[in-house]
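Here's the structure, in structure tokens; my notes come after.
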Amino acid sequence: MKNLGNGTADERQTRLHVVQVAVVLLALVGVLALYLCYLQTFGADTLAHHPLNQRSAQAEAEVQRGAILDAKGRALAQSTAPGQRSYPMGAAMAPVTGYTSERIGSAGLEGRENQALLGRTDEMNRLGPVTQLLQSDRGNDVHTTINADVQQAAYDAFAGRRGAAVVLDATTGAVLAMVSCPSYDPAHVEDDWEALRQQADGPLLNRVLYGMYPPGSTIKPMMADAALAAGVTDPAETFDCEGALDVGGGQSIREAHGEVHGRVNLEQAVTESCNVTFGQLAMRMGGKKLEKAFDRFGFTKELTGDLASEAAHLPDFSALGQGDIAQIGIGQSSLLVTPMEMALVAAAFANHGTVMQPYLVQSVTTPGGVTLHEAHAQKWFDATTPERAALIDGYMEHVVTHGTGTAARVSGLRVTGKTGTAENAQGRDHAWFLGSADAGGRKIAFAIIVENSGGGGIAAAPIAKKIILSME
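Written out as structure tokens, the structure is:
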């Protein structure tokens, strides 16, 4: 007899199909629910900061954008009404402020701090449409670490030449100035966009963070530290410089302008920027120890946040021949670095071997004066020991008092430095100068490059002096 309770085979098959479809639909609803949860939590920040997010564009039309201020509260970017943005320091401050535009997007702090300047927080972004109920009619203010006087002095010192300069507080990591030349006026960047994009000298490029250059002789203080750390030399050893170093294969490294330094110790080699000494030390260390030194000084690290940039371009050290290893020792070959990275090298020697995390934003405050964010000095890494840092720092002081960097001397102040002349396959040599100074009650570190300008002691060191004087 048939079991009517179970139904026919066709009925059972139909019920099975209904259950399967229901399970699939429930699974899809579950996936959709999980995706919505993801968007409200982990994906909220990405969506909120996406350039195609129309909520930001809508807020721009309704909210008076907050100000970007220097360390003394002076306006670097400000609005008097929604959509009306002005930049009191113009092109001099463009690498810091950047620009904002509905048509071409944003850059610099205008882009990276966009949500704060519109009065939004990450928590508000997760609330979706409810955010409109909480939105103020004026955005938050972004207080930077920049000293406008130092920024202007550095910019003016380039006098139309191409290059970059960055100044740090070596003990905290605060960025006091960040100059890139040529530059642009953020107030007119939308109108000038096509012309700016086509300019061969790259006014839109922030050279401090993204300009890649051979460091030339400014790498020699680090090389001195690396050689001491590797035990391939000591401060008492003397080197015989006859003007050229045979690196094998018919190749040689020569001194600039045919100089012959004679017998020099490590301090004198840094002071006189002796290529023979540092080419020899690099060959003694070899690829593995050189690679370790570059890693120790942060050249493999990428900056993030408001100062995001790429790591240096380093060669494959294991594949280098003796000639290239010697060239690395004097800052040439395929080695490419940014001015920010070289400023951090200077900061390491000025700050007892410790490199602090660089930062540009000091705080974010509401229109009512409530602090939403406050930056604090943070140690990033140890580049060298305090003992070696003090030794090399002393060598660099001698560069300024008696060596190639005398153009950076400031009466009554302790200044250290290292000049560099970096060979450039596309034209004249680049001029470098990096160092530190006790100025304005702070220990500052800096790196300066003037493109296609020859010797660092002539073209870049005088800019350092003007920067130091602007701190007083």
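Convert by adding 22 to the 1-based position in the sequence shown; the result is the number in our numbering.
By construction, the Cβ of each residue, glycine as well, lies at the ideal position given by its N, Cα and C atoms.
query, result
"Buried/exposed call for D159, threshold 16 Cβ in 10 Å", "exposed"
"Assigned exposure category for L155 - 16 Cβ within 10 Å defines buried", "Bear in mind that a pLDDT of 43 at L155, under 50, signals an unreliable position, so the model cannot answer this."
"Simplified DSSP assignment, three categories, for F321", "coil"
"Bridge partners - L358, DSSP secondary structure assignment", "H335"
"In DSSP terms, what S475 is bridged to", "Per DSSP, none; premise fails for S475."
"Local conformation of I470 per DSSP, three classes", "strand"
"Three-state secondary structure (DSSP) of T423", "helix"
"Unbroken beta strand (DSSP E) run spanning Y235, endpoints", "Here Y235 belongs to no beta strand (DSSP E), and DSSP marks it neither H nor E."
"Supposed close pair I470, A486 - CB separation, criterion 8 Å", "6 Å"
"Span of the alpha helix (DSSP H), counted from its first residue to its last, around G345", "Q344 to G351"
"First through last residue of the beta strand (DSSP E) which encompasses T387", "V383 to T387"
"6 Å Cβ shell around A304 - same chain, five flanking residues per side excluded", "I347, A348, I350 and G351"
"Bounding residues of the alpha helix (DSSP H) (the contiguous stretch that carries A175)", "A170 to F180"
"DSSP three-state assignment for R148, whether helix, strand or coil", "Since pLDDT at R148 reaches only 45, below the 50 mark, its modelled position is unreliable, and the value read off the structure follows with that caveat. DSSP places R148 in coil when its eight states are reduced to three."
"Residue-chain proximity (V40, chain B), Cβ-Cβ < 8 Å", "This model lacks chain B altogether, as it is built from one protein chain only."
"Residue interval of the alpha helix (DSSP H) (run including L218)", "W215 to Q220"
"R450 versus S475 - alpha carbon distance", "7 Å"
"CA-to-CA distance, L58 to F319, given in whole angstroms", "44 Å"
"Own chain partners of E18 with C-beta closer than 8 Å, once the 5 adjacent residues on each side are dropped", "A question about residue 18 goes unanswered here, because the residues of the chain that appear run from 23 up to 494."
"Residue range of the alpha helix (DSSP H) that includes E132", "G130 to R134"
"Close Cβ partners of A405 (< 7 Å) along its chain, the five nearest in sequence each way excluded", "R318, F319, G320, A370, G375 and V377"
"Cβ shell of A365 (< 7 Å), same chain only, five flanking positions each side left out", "V188, L190, L456, A467, F468 and A469"
"Separation of A129 from D328, as counted between CA atoms", "10 Å"
"CB contact flag (L139, P237, <8 Å)", "no"
"Contact belief for A429 with A483 at Cβ below 8 Å, rounded distance in angstroms", "4 Å"
"N- and C-terminal bounds of the beta strand (DSSP E) containing T122", "Y121 to S123"
"Residue from F180, E294, G434 and H165 with nearest C-alpha to A196", "H165"
"Through-space distance from A89 to E132, alpha-carbon basis", "10 Å"
"Same chain, Cβ closer than 8 Å to L325, neighbours up to 5 away in sequence not counted", "L231, S331, M362 and P380"
"Residue closest to I489, alpha-carbon to alpha-carbon, out of R107, A186 and G308", "A186"
"Best match in L312, Y109 and T194 for proximity to K401 [C-alpha to C-alpha]", "T194"
"Distance, A44 Cα to D32 Cα", "18 Å"
"Where the beta strand (DSSP E) through E396 begins and ends", "T393 to E396"
"CB-CB length for V292 against V421, believed under 8 Å", "6 Å"
"Minimum C-alpha distance to A412 - residue among G112, M244 and E216", "M244"
"Residue of R306, E281 and F300 minimising C-alpha distance to A252", "R306"
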